[in-house]
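Structure first, commentary second.
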Amino acid sequence: MTGTPDKRRALLAGGATIAVLFLAVVALPAYFINLQSRSAQTRAAPSAVLTGQSAASQSPNRTAAETRETDAQLARVIDRTIDGGEFASARWGVHVVSLRDGRVMYARNADRMFTPASNMKLYTTAVALDLLGADYRWRTSVYAASAPDAGGTVAGDLLLYGRGAPDLSSRNTRAGASQLAALAEELYRRGVRRVRGGVVGDESYFRGEMLGDGWLWQDAQWYYGAQPSALSVDDNEITVSVAPGAKADDPAAVTLVPASDYVRVTNDMKTTGRGARPAIGITREVSSNEVRVWGEFPAGGSPYGVRLSVYRPALLAARLFRDALRSRGIEVSNDARTVDARTREDAGLVASRTVELAAVMSKPLGEVVHETDKESLNLQAELLLRTLGRERGDTAPESMPERTRLRNTDAAGLAVVRQWLERAGVRTENLALHDGCGLSRLDLITPEATTRLLVHMAQTPSADIFRSALPLAGRDGTLAYRMRNTPAAGQIAAKTGALTYVNALSGYAQTADGEPLAFSIICNDSTQGTSSTRPIDAIAALLAFYPRIAPVK
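Per this note's numbering, residue 4 is the first one in the sequence shown, and the count goes up by one each step.
This is how it looks when you write it as structure tokens:
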């Protein structure tokens with residue numbers, strides 16, 4: 004999820020699942036929707052846009068004049084929702100298109116530039132699915148200068164070479180067993196018993212900065228600002244858990260989950276008397292893994308956890324792999340270190356001149372996209388963008404060959420995204436694309452560009468996979484607690500987006516009479532103390548009720 008500075012302290016160990024509980028459940032104004040007009044049978048009917056079935060057979064017998072009048076009613080209600088509400092002073096962009104006949108049902112500032120927040124993930128995941136395919140997988144390899152000798156000794160370093168796998172893990176999880184342990188096991192089966200060097204974590208597959216272009220330094224310490232390394236591990240994050248002591252003046256307990264010596268904690272937290280108000284501060288230094296915890300925690304209070312990103316995740320991966328080797332009974336003589344795209348070749352092994360001793364494959368790209376969009380995972384979106392740059396960057400060159408050769412991998416990925424949009428008929432001349440997840444404050448897109456992307460994706464072989472990856476209103480993902488008490492639940496599949504002063508929702512809607520729609524709703528410059536989620540959800544729900552909208556003058 005894209006994060007906001009004012010929500011940082013509310014981001015508990017449960018992450019987006021907990022944070023989403025604070026989102027307002029939409030209450031639809033009675034003046035524009037006749038809830039009784041939609042039968043229980045209609046509410047239970049499967050959604051064509053969500054299941055991929057054709058909506059043509061459900062086409063209502065409305066005349067062209069009736070359709071125009073109903074669209075005009077829809078426009079009047081949306082205008083009243085925006086202009087008559089507390090967020091009228093904010094800047095709104097809305098675009099709604101019928102997937103049945105291509106007509107624009109509503110447009111408001113649709114061609115103006117807006118900050119998209121996590122709606123940027125629609126661009127990244129759509130292009131990755133269409134160009135790389137749902138079956139694409141990432142390979143993580145272990146190399147050495149030569150095969151082990153007869154006694155099982157590797158006469159040098161082992162190179163742990165990452166290619167951007169989003170799911171490389173060091174521990175067993177519900178998603179599967181530890182992949183680092185699997186690599187160690189494969190080496191052991193090949194007869195490796197000792198390494199007369201160390202472990203080199205090689206993240207040189209991606210060229211670029213540690214953080215995305217336009218990210219705020221305040222975001223870098225939190226899990227949603229994790230560094231997108233080609234050798235990422237365990238989501239490049241760690242949880243800091245704080246619990247009070249038994250009584251006042253006892254030191255509070257601070258633990259890392261999982262336990263690690265890679266992150267160092269200074270604990271200045273004190274326990275106060277029962278019933279006192281907690282005041283907890285947690286911060287990680289921008290360019291180190293030094294974490295400080297301070298404040299006051301009342302005795303008897305429930306433990307509190309926050310998810311922090313780790314600095315230099317490739318080095319963490321190398322250390323964890325060294326530990327996995329030793330746990331399996333393979334002796335490693337030296338410590339772990341890293342190599343990146345800026346390191347001289349003689350500072351470490353070069354994958355093209357070595358022997359692959361072991362490898363693991365990631366889960367399919369389709370599953371990664373599903374998780375990325377459902378739960379709004381920034382790191383995964385950034386790894387997808389950089390994978391596009393590596394795999395397809397040569398198809399979207401710069402005007403000067405030297406610039407193409409020297410550009411960063413994320414810039415190459417963004418060039419691929421822009422080229423895809425142009426070929427899909429989306430106007431891109433004014434779009435500002437700076438990252439893959441939407442955390443950048445420099446991203447600028449238009450609601451119309453977003454709906455045109457959605458329309459094009461609905462015509463591709465990846466259409467069903469793409470739609471099913473979007474959060475479903477009232478059902479799952481970041482929309483699990485939104486619109487769930489309305490007949491719109493299950494009829495809106497859309498990507499959420501939130502930054503400070505930014506709120507967005509873009510995706511697909513199924514109308515009451517089976518017409519599939521693509522829509523984009525973006526609210527910028529919303530400086531009110533409350534969230535603009537409620538009017539956004541009201542507009543989205545209107546689309547699900549269409550055409551049963553009470554007349555409004």
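Note that beta-carbon positions come from the ideal geometry of N, C-alpha and C, so glycine has one too.
In this text the structure is predicted, and so the values were computed from the model without any measurement.
With H, G and I counted as helix, E and B as strand and the rest as coil, what does DSSP make of residue i?
{"i": "Leu126", "result": "Per the sequence presented here, residue 126 reads as Tyr, with Leu not at that position. Residue state, collapsed to three classes: helix."}
{"i": "Phe25", "result": "With a pLDDT of 26 at Phe25, under the threshold of 50, the predicted position of this residue should be treated as unreliable, and no value is reported."}
{"i": "Arg310", "result": "strand"}
{"i": "His373", "result": "helix"}
{"i": "Asp160", "result": "coil"}
{"i": "Phe548", "result": "helix"}
{"i": "Ile468", "result": "helix"}
{"i": "Ser101", "result": "strand"}
{"i": "Ala339", "result": "strand"}
{"i": "Asp397", "result": "helix"}
{"i": "Tyr227", "result": "helix"}
{"i": "Ala553", "result": "coil"}
What are the boundary residues of the beta strand (DSSP E) that residue i is part of?
{"i": "Phe117", "result": "Element bounds for Phe117: n/a, residue is neither H nor E."}
{"i": "Ala184", "result": "Segment 182 to 192 is the alpha helix (DSSP H) holding Ala184; no beta strand (DSSP E) there."}
{"i": "Thr275", "result": "267 to 275"}
{"i": "Arg406", "result": "Per DSSP, Arg406 belongs to no beta strand (DSSP E); it is in the alpha helix (DSSP H), 404 to 409."}
{"i": "Gly298", "result": "293 to 301"}
{"i": "Ala362", "result": "358 to 364"}
{"i": "Pro261", "result": "No beta strand (DSSP E) contains Pro261, which DSSP labels as neither H nor E."}
Please say whether residue j and residue i have beta carbons closer to each other than 8 angstroms?
{"i": "Trp423", "j": "Leu102", "result": "no"}
{"i": "Val294", "j": "Val243", "result": "yes"}
{"i": "Ile495", "j": "Ala512", "result": "yes"}
{"i": "Asn239", "j": "Val313", "result": "yes"}
{"i": "Ala491", "j": "Ala544", "result": "yes"}
{"i": "Gly477", "j": "Arg470", "result": "no"}
{"i": "Arg389", "j": "Gly369", "result": "no"}
{"i": "Ala302", "j": "Ala256", "result": "no"}
{"i": "Val198", "j": "Leu163", "result": "no"}
Please report the straight-line C-alpha distance between residue i and residue j, rounded to a whole angstrom.
{"i": "Leu387", "j": "Gly167", "result": "8 angstroms"}
{"i": "Arg65", "j": "Thr454", "result": "24 angstroms"}
{"i": "Lys273", "j": "Asn122", "result": "41 angstroms"}
{"i": "Asp74", "j": "Val100", "result": "11 angstroms"}
{"i": "Lys498", "j": "His373", "result": "11 angstroms"}
{"i": "Thr449", "j": "Val97", "result": "9 angstroms"}
{"i": "Asp216", "j": "His437", "result": "6 angstroms"}
{"i": "Arg192", "j": "Leu546", "result": "58 angstroms"}
{"i": "Thr489", "j": "Phe548", "result": "10 angstroms"}
{"i": "Glu188", "j": "Arg331", "result": "7 angstroms"}
{"i": "Lys366", "j": "Ala137", "result": "10 angstroms"}
{"i": "Ile333", "j": "Ala158", "result": "13 angstroms"}
{"i": "Ala48", "j": "Ala472", "result": "Only weak support is given to the placement of Ala48: the predicted model assigns it a pLDDT of 35, under 50, and the value that follows is read from those uncertain coordinates. Cα-Cα distance, rounded: 20 angstroms."}
{"i": "Tyr227", "j": "Arg356", "result": "36 angstroms"}
{"i": "Pro32", "j": "Gly165", "result": "For Pro32, the predicted model reports a pLDDT of 43, less than 50, meaning its position is unreliable and no value from the coordinates is stated."}
{"i": "Asp222", "j": "Pro550", "result": "43 angstroms"}
{"i": "Pro538", "j": "Arg395", "result": "40 angstroms"}
{"i": "Phe209", "j": "Pro231", "result": "9 angstroms"}
{"i": "Ser144", "j": "Val195", "result": "15 angstroms"}
{"i": "Ala93", "j": "Ala507", "result": "13 angstroms"}
{"i": "Asp104", "j": "Thr286", "result": "52 angstroms"}
Indicate whether at least one CB of chain B lies closer than 8 angstroms to the CB of residue i.
{"i": "Leu456", "result": "Among the chains of the structure shown, chain B does not appear; only one protein chain is present."}
Under DSSP, the alpha helix (DSSP H) around residue i begins and ends at which residues?
{"i": "Arg558", "result": "No information on residue 558 is available, as it lies outside the stretch 4 to 556 that the chain covers here."}
{"i": "Leu77", "result": "67 to 86"}
{"i": "Val419", "result": "412 to 426"}
{"i": "Phe324", "result": "316 to 330"}
Is the region 125 to 134 close to the region 475 to 487, with three or more CB pairs under 8 angstroms? no
I want to know whether the region 141 to 153 touches the region 451 to 466 - three or more CB-CB distances under 8 angstroms. Taking a cut-off of 8 angstroms on C-beta distances, the region 141 to 153 does not touch the region 451 to 466, as fewer than three cross pairs fall below it.
Under 8 angstroms, with one C-beta from each stretch per pair, do the region 246 to 265 and the region 225 to 236 reach the 3-pair mark? no
Kindly confirm or deny that the region 168 to 176 and the region 394 to 407 touch, where touching means at least three C-beta pairs closer than 8 angstroms. no
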